[in-house]
Each structure stands twice: as structure tokens, then as C-alpha cells.
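S.K.: Okay, here's the structure, questions in a sec.
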Amino acid sequence: MASFPIPHGMVTTGNELHGYRVVRTLGIVRGITVRSRSVVGNIGAALQTLVGGNITIYTELCEKAREEAFELMLQHAGAMGANAVVAMRYDANDVAEGVTEVLSYGTAVQVEPA
């Protein structure tokens, strides 16, 4: 089965996609990435904590990890023949000291305009 890119607008945290009806549920899809902070990044973040406010080094790391997990989930859904994902969520767990797993998951569906 051919895999087509799923537009970001066809992903929702809700159980339905406004303006569309689910015609087929294909199952759970996920994207997982595991990231670690570098020594240089930890030093930079430690310096930022002295000043206070947003720790931009960690913010950027988290954003990149979530985006990668999200894109992997969309690839998984597309490979299953989905054109949308509903009930999408993120989760994160520490795998080891300084190593975090980021998971993006949801239900792959085929939808058509309502």
C-alpha cells in the first residue's frame, strides 16, 4: 500500500476531526525518539538557570524531540494507509540519567469530508 504524507492539520487531540467522518479505524500509531543532553548543553543550561527564566537550550531540545516523534508517528500512520490521526498524545519518560524517551501516539484513521 502506498504511503502518503499526512498534513499536520489532519491530526487532532480530539476523538473526531471537525468537518470529516471516520470511515475506517486502522489502529494505534506511534513515533518514538530517545534524546540525551550533551555536556556542553548541560553547562549552557546551568548558566541559564543562574539568570532565571526560560532555559532555551532545554526548550529547543524538547521541541526537536517532540517534532521528531510527531513526524515518525505520521510516517507510521501513512504507511498504514491513514489520512488522519485522532486522539493524538505525547508522553515522555526518563530512560537513564540525562536520557529521555519522547513518544507521540494516536489512532490512525481514514476520513472523508462529512
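Position 50 of the sequence shown, counting from 1, maps to 86 under our numbering, and the rest follow consecutively.
Idealized CB from N, CA, C, for every residue including glycine.
Quantities reported herein were computed from a predicted structural model and do not represent experimental measurements.
1. Span of the alpha helix (DSSP H) holding residue 46?
2. DSSP three-state label for residue 53, please.
3. Relative to the alpha-carbon of residue 144, which residue among 112, 93 and 44 has its alpha-carbon at the smallest distance?
4. Determine the burial state of residue 67: buried for a count of at least 16 other Cβ atoms within 10 Å of its Cβ, exposed for fewer.
5. Assign residue 40 to one of two classes, buried (16 or more other C-beta atoms within 10 Å of its C-beta) or exposed (fewer than that).
6. Got a sec? Which residues, its chain only, sit under 7 Å from residue 137 by beta carbon, not counting five neighbours each side?
7. Report the CB separation of residue 109 from residue 63 in whole angstroms; it is logged as a contact under 8 Å.
8. Thinking residue 47 and residue 116 are a contact (beta carbons under 8 Å), I'd like their distance in whole angstroms, please.
M.R.: According to the structure shown:
1. Note, residue 46: premise wrong, no alpha helix (DSSP H); not H, not E.
2. coil
3. 112
4. Classification of residue 67: buried, given that the 10 Å Cβ count is 16 or more.
5. exposed
6. 68, 70, 128, 129 and 131
7. Not quite, the Cβ-Cβ distance comes to about 12 Å (not below 8 Å), so this is no contact.
8. Not confirmed; about 14 Å, so no contact.
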